[in-house]
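Chemist: Next up is a structure, given as structure tokens.
Residue numbers (this note's numbering): 869 to 1013.
Structure follows, in structure tokens:
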């Protein structure tokens, strides 16, 4: 797909949106912010969404996000493994939430998407999602704190 000029010269982009949680339903801070970002960005850009599914409700909510996203991927969040990983890294110099939210499965999923998809911009919501693309050099990144 060739870049397309939009309103005020804004170019069409393929955005990889990394959200800590499922953005639907938009009923608390991070979900509200992500939902509205995705909804607005999708008017001019193509969104690939990746998030941690904390429950079956999160997986069922994907249908509400499909109108805004070209592709939606999720990784099941396992709190037991998150707590074990945090305990193992208790004396790390990194914030504990980085270890709490680290998942090899999520890293693999994001690496796979970066190879399969042509991505122009990575939008990582919150610090724990930024860790998955910290070494990515080919694509412009935004860390949304």
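From the three backbone atoms N, C-alpha and C, an ideal C-beta is built for every residue, glycine too.
These numbers come from a predicted model, not from an experiment.
Name the DSSP bridge partner or partners of residue 919?
Modeler: 887, 942
Chemist: Let me confirm a value: residue 960 is counted as buried when at least 16 other C-beta atoms fall within 10 Å, else exposed. Which label applies?
Modeler: exposed
Chemist: Which of helix, strand or coil does DSSP assign to residue 951?
Modeler: helix
Chemist: Do you know offhand how far residue 890's Cα is from residue 972's?
Modeler: 19 Å
Chemist: Starting from the Cα of residue 979, find the closest Cα among 1006, 925, 968, 953 and give me that residue.
Modeler: 1006
Chemist: Run through the DSSP bridge pairs and tell me what residue 866 is partnered with.
Modeler: The question about residue 866 has no answer, for the chain in this structure spans 869 to 1013.
Chemist: For the putative contact between residue 997 and residue 909, defined by C-beta atoms under 8 Å, what is the C-beta separation to the nearest angstrom?
Modeler: With a Cβ gap of about 16 Å, residue 997 and residue 909 do not count as contacting.
Chemist: Under the rule that 16 or more other beta-carbon atoms within 10 Å means buried, what is residue 917, buried or exposed?
Modeler: buried
Chemist: With which residues is residue 992 paired in a DSSP beta bridge?
Modeler: 886, 1011
Chemist: What is the rounded straight-line gap between the Cα of residue 920 and the Cα of residue 944?
Modeler: 6 Å
Chemist: Distance check for residue 912 and residue 898, CA to CA, integer angstroms please.
Modeler: 22 Å
Chemist: What three-state label does DSSP hand residue 959 in the structure shown?
Modeler: coil
Chemist: Helix, strand or coil: which one does DSSP assign to residue 929?
Modeler: coil
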